[in-house]
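Reading the sequence shown from the start, the letters are residues 616 to 744 in the numbering used here.
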Amino acid sequence: MSMFNSFFGNSEKPNDSKSNIKWIDLTDLGQLNQIIQDSAEKPVVVFKHSTRCSVSRMALKQFENEFNLMDEVDTYFLDLISYRDVSNEIASRFQVVHQSPQLVLIKDGKSIYDASHSEIDALELKGKF
616 MSMFNSFFGN SEKPNDSKSN IKWIDLTDLG QLNQIIQDSA EKPVVVFKHS
666 TRCSVSRMAL KQFENEFNLM DEVDTYFLDL ISYRDVSNEI ASRFQVVHQS
716 PQLVLIKDGK SIYDASHSEI DALELKGKF
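Structure, rendered in structure tokens:
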């Protein structure tokens, strides 16, 4: 079963022990207000992940392997299957078309960059803020 999960994804969140990213779980609509406030001081990355999608799992793993901006941004992880209402509110509040997987970069309360699928590239983030 683990081989199946490695190819097709699973319902687990990222494995923090293997990741250099200190993910903050995004599970509540109220956290979006905090993200807006915090983004005035430091950019915020939200990674919207579908736990049922192999493409999403591959994009997440690639992002985690390439990401090296821990001190420069806060990083939130959204399991959009479990928290669809939060995902929908992100699309509405930050005026981004819903995608999965999707990375949204928020600064000063606004989305300044978003990417989805194979366009998600951790190396591109630094030049965006």
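For glycine and all other residues, C-beta sits at the position ideal for the given N, C-alpha and C.
For the beta strand (DSSP E) holding L718, just list the boundary residues, first then last. Q717 to K722
Do the region 665-677 and the region 636-655 touch if we need at least three Cβ pairs shorter than 8 Å? These segments do not touch.
Does the region 721-730 come into contact with the region 680-687, if we say contact requires no fewer than three beta-carbon pairs (one atom in each stretch) closer than 8 Å? By the Cβ rule, the region 721-730 does not count as touching the region 680-687, because fewer than three pairs are nearer than 8 Å.
Of all the options S731, T666, T690 and E679, which has the alpha carbon lying nearest to the alpha carbon of Q646? When each option's Cα is compared against that of Q646, the closest is T690.
Keeping to the same chain, check which residues put their C-beta closer than 7 Å to that of E704; ignore five residues upstream and five downstream. L644 and L647
Report the option in F678, E679, S665 and L720 whose CA atom is closest to the CA atom of L693. S665
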